[in-house]
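Visitor:
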Amino acid sequence: MFALVLYMMIAVDGGQGIIAKTNGIAALSTGANLPYVSYCNEEKGSKAKILLLHGSLHDLRCYEEWWLPELASRGYEATAISLRGTHESTVDNKRVEKVKISDHVKDVRAFLKECETSAEVFLAAHSFGGPIAMELLRLQEDNCLAGVCCLCSVPPSGNTAMTMRTIRKSWQTALLITRGFALKTAAYSNNDARQLFFAKDKSISEQKMNKYVSWFQQNSISSLDLRDFQKNLPSRFADTNGKAKFIHDSSPPRLVLGAANDPIVDSIAIEETATFLAVEPQILQGLPHDIMLASDWIKALDALDAWINLCLSSRHASSQQETHDDHHQENSSSSQTSSSSSLNTDSNDNSTSSSSSSSSS
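Note that the numbering used here gives residue 369 to position 142 of the sequence shown, counting from 1, and the numbers run on in steps of one.
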């Protein structure tokens with residue numbers, strides 16, 4: 228069963244064309260009712276579709292703040308959803324308190340199949356959205372993904388080793404992370420939320436922090452089932468070198484972005500994710516964990532935009548090459564047919580000539 232409850236708002240973004248915003252609730256076949264919002268540029272059309280996934284304590288609003296309007300102004304159809312357990316989401320019309328990664332995977336797969344049927348989609352996933360993206364990449368049997376980007380992602384081996392590294396490096400930071408997520412102080416303390424998600428970014432005003440923390444509080448009712456996650460880590464599909472066994476030459480393109488000032492996901496974790504997905508990581512200097520809300524959010528969006536444009540250019544070049552090869556093959560076949568026809572004609576002429584000579588004799 229699938230239904231969409233739609234609300235439409237059209238706004239003019241100065242100099243960027245007409246930006247159309249569509250939002251509502253996606254009632255999925257999984258039983259989940261997930262809020263979503265989409266932005267597109269009605270004048271520029273859509274050069275590609277992007278679906279954005281958030282992490283713990285966040286929802287679609289973290290992308291709507293800056294990224295969605297900007298992506299639309301650049302010609303993308305950009306969509307963000309609030310995952311199961313977050314503010315305004317329900318399952319069988321009830322708010323859930325414990326969610327498994329596998330539940331998120333089923334929901335996103337259903338959303339991609341039931342809501343994004345017209346084209347392939349670039350998937351960008353932040354923090355704990357990363358393992359969801361990795362699993363979707365593994366289950367890529369319907370070829371709906373044009374590419375996958377992990378943003379400051381929890382690594383394939385989970386957060387245990389990452390936490391132990393943090394403890395050895397700084398027990399104060401380890402305490403902050405434990406307090407912020409396990410006790411959920413980041414959902415009501417501006418100071419803890421600022422240190423966790425924005426680190427050295429001093430440009431975020433207190434007024435902004437009040438707004439963001441109010442979002443975190445609304446999303447703190449539900450928790451991720453970490454015990455289940457530890458039993459089903461993406462790393463179980465890694466080979467001896469740490470590369471995912473399901474990555475091959477025909478896999479969708481991948482991008483791994485990390486942030487130099489991220490106290491939650493360290494550079495070793497980013498490198499692990501990049502190795503797992505068989506790509507080189509990009510570490511964005513000066514950015515904290517919440518790269519989509521940071522004062523320099525445009526840096527991360529530029530990196531994502533550049534990668535997608537590269538993917539689209541590569542795909543266009545491959546398509547042109549295939550067309551050229553097809554034409555070349557057709558011309559070769561035509562030439563061979565013509566040569567064969569000519570040989571047959573010559574053969575027939577020779578046969579006729581020989582026959583005439585014989586008759587004369």
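All C-beta atoms in this analysis are idealised placements derived from N, C-alpha and C, irrespective of residue type, glycine included.
Quantities reported herein were computed from a predicted structural model and do not represent experimental measurements.
Could you pull the start and end residues of the alpha helix (DSSP H) that residue 481 belongs to?
Guide: First-last for residue 481: 481-486, but that is the beta strand (DSSP E), not the alpha helix (DSSP H).
Visitor: Quick one, which of 333, 274 and 246 has its alpha-carbon nearest residue 261's?
Guide: 333
Visitor: Using CA coordinates, which residue listed in 346, 329, 487 and 350 is at the minimum distance from residue 455?
Guide: 329
Visitor: So does the segment 507-515 actually touch the segment 452-472, counting three or more Cβ pairs closer than 8 Å?
Guide: no
Visitor: Do you know offhand how far residue 467's Cα is from residue 451's?
Guide: 28 Å
Visitor: Provide the residue(s) that pair with residue 509 in DSSP beta bridges, ordered along the chain.
Guide: DSSP output for residue 509 lists 484 as bridge partner(s).
Visitor: Less than 7 Å between C-beta atoms, sequence neighbours within five positions excluded: which residues of the same chain meet that for residue 412?
Guide: 406 and 419
Visitor: Return the residue from the list 269, 280, 495 and 422 that minimises the CA-CA distance to residue 378.
Guide: 280
Visitor: What span of residues does the alpha helix (DSSP H) with residue 362 cover, start to end?
Guide: 356-365
Visitor: Report the residue from 385, 270 and 433 whose alpha carbon sits nearest the alpha carbon of residue 356.
Guide: 385
Visitor: Helix, strand or coil: how does DSSP classify residue 413 here?
Guide: helix
Visitor: At which residues does the alpha helix (DSSP H) containing residue 329 begin and terminate?
Guide: Segment 328-342, the alpha helix (DSSP H) holding residue 329.
Visitor: Could you give the distance in angstroms between the alpha-carbon of residue 319 and the alpha-carbon of residue 325?
Guide: Just so you know, the alpha carbons of residue 319 and residue 325 end up roughly 14 Å apart.
Visitor: Going by CA-CA distance only, name the one from 427, 421 and 477 that's closest to residue 435.
Guide: Closest by alpha carbon: 421.
Visitor: Using 8 Å as the Cβ pair cut-off and three pairs as the minimum, do the segment 281-296 and the segment 359-376 touch?
Guide: Taking 8 Å as the limit for Cβ pairs, the verdict is that the segment 359-376 does not touch the segment 281-296.
Visitor: For residue 325, which beta-bridge partners are listed by DSSP?
Guide: 450
Visitor: Compare the Cα-Cα distances from residue 361 to each of 439, 539, 541 and 503 and report the closest residue.
Guide: Nearest option by C-alpha distance: 503.
Visitor: Within 8 Å, do at least three Cβ pairs link the segment 388-400 to the segment 477-485?
Guide: no
Visitor: Of the choices 282, 358, 251 and 390, whose alpha-carbon is the least far from that of residue 495?
Guide: Of the listed residues, the one whose Cα sits closest to residue 495 is 390.
Visitor: Leaving aside the five residues before and after residue 430 along the sequence, list all residues of the same chain whose C-beta is less than 7 Å from its C-beta, in chain order.
Guide: 522
Visitor: Between residue 403 and residue 423, is the Cβ-Cβ spacing less than 8 Å?
Guide: yes
Visitor: Pick out whichever of 250, 310 and 272 has its Cα sitting closest to the Cα of residue 259.
Guide: 310
Visitor: So, residue 300 versus residue 268, is the Cβ gap smaller than 8 Å?
Guide: A distance below 8 Å separates the beta carbons of residue 300 and residue 268.
Visitor: Per DSSP, which residues does residue 304 bridge with? Please list them.
Guide: The partner list for residue 304 (beta bridge, DSSP) reads 276.
Visitor: Rounding to the nearest angstrom, what Cα-Cα distance links residue 442 and residue 415 in this structure?
Guide: Taking the straight line joining both Cα atoms gives about 10 Å.
Visitor: With a CB to CB cut of under 8 Å and the five nearest residues on each side skipped, what residues in its chain are close to residue 457?
Guide: 385 and 387
Visitor: Return the residue from the list 264, 335, 350 and 526 that minimises the CA-CA distance to residue 196.
Guide: In this structure the chain extends from 228 to 588, so residue 196 is not present and cannot be described.
Visitor: Along the chain, where does the beta strand (DSSP E) that runs through residue 271 open and close?
Guide: Secondary structure note for residue 271: it is in no beta strand (DSSP E), with a DSSP letter that is neither H nor E.
Visitor: Since residue 417 contacts residue 440 with CB under 8 Å, what's their CB separation in whole angstroms?
Guide: 6 Å
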